[in-house]
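Enquirer: In our numbering, the protein residues as written are 100 to 224. Ideal Cβ placement from N, Cα and C applies to all residues, glycine included. Attaching a single structure in structure tokens format; questions to follow.
This is how it looks when you write it as structure tokens:
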């Protein structure tokens with residue numbers, strides 16, 4: 100990743116390129132007979148010259164069984180939707196907020212398109 104970013108910087112395009120991960124797959128806090136069981140959510144990363152970096156966006160859940168976001172067997176409800184991540188990137192790519200529901204049909208469950216703030220705030224304007 101460092102080599103990729105260094106190459107983008109040497110080409111002078113680091114502010115025009117953003118690398119990110121996105122997944123709704125996660126693991127539970129408890130294990131089954133073969134290891135951890137499937138759950139939701141996980142950590143994602145975003146990298147690029149236009150990223151407000153060196154921060155954690157979203158709320159990190161408590162990692163103990165029985166916490167308020169635990170649905171049972173250590174399956175934690177995510178605190179940030181992958182749709183919020185995608186909406187932030189879509190806005191940076193030029194999609195208008197009013198068009199977000201066309202691209203992300205569930206975005207209204209996680210973000211008010213009339214808000215003056217961006218969904219998560221990790222991309223620079």
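1. If we count the other Cβ atoms within 10 Å of its Cβ and call it buried at 16 or more, is residue 173 buried or exposed?
2. Quick one: measure Cβ to Cβ for residue 121 and residue 184, integer angstroms, because I've assumed they're closer than 8 Å.
3. Go through the region 125–177 residue by residue and report every complete run of the beta strand (DSSP E) that reaches 3 residues or more, in order.
4. Pull up the CB-CB distance for residue 182 and residue 205, whole angstroms please, since I reckon it's below 8 Å.
5. Measure from the alpha carbon of residue 178 to the alpha carbon of each residue in 139, 195, 211, 224, then state which is nearest.
6. Given a cut-off of 8 Å, decide if residue 220 and residue 114 are closer than it, judged by their beta-carbon atoms.
Expert: In terms of the structure at hand:
1. For the purposes of this step, residue 173 is taken as residue 74 along the chain shown, with counting starting at 1. It counts as buried.
2. Stepping through the chain shown from its first residue, residue 121 is reached at position 22. Stepping through the chain shown from its first residue, residue 184 is reached at position 85. Taking the Cβ atoms as the reference, residue 121 lies roughly 6 Å from residue 184, within the contact range of under 8 Å.
3. 134–139, 145–147
4. Position 83 of the chain shown, counted from the start, is the residue given in the question as residue 182. Position 106 of the chain shown, counted from the start, is the residue given in the question as residue 205. Their Cβ separation, rounded to whole angstroms, is 5 Å, which keeps residue 182 and residue 205 in contact under 8 Å.
5. Taking the chain shown and counting its residues from 1, the one referred to as residue 178 is at position 79. Comparing Cα-Cα distances from residue 178 to each of 139, 195, 211, 224, the minimum goes to 139.
6. Here residue 114 refers to the residue found at position 15 of the chain shown. Here residue 220 refers to the residue found at position 121 of the chain shown. Note that the C-beta distance between residue 114 and residue 220 is not below 8 Å.
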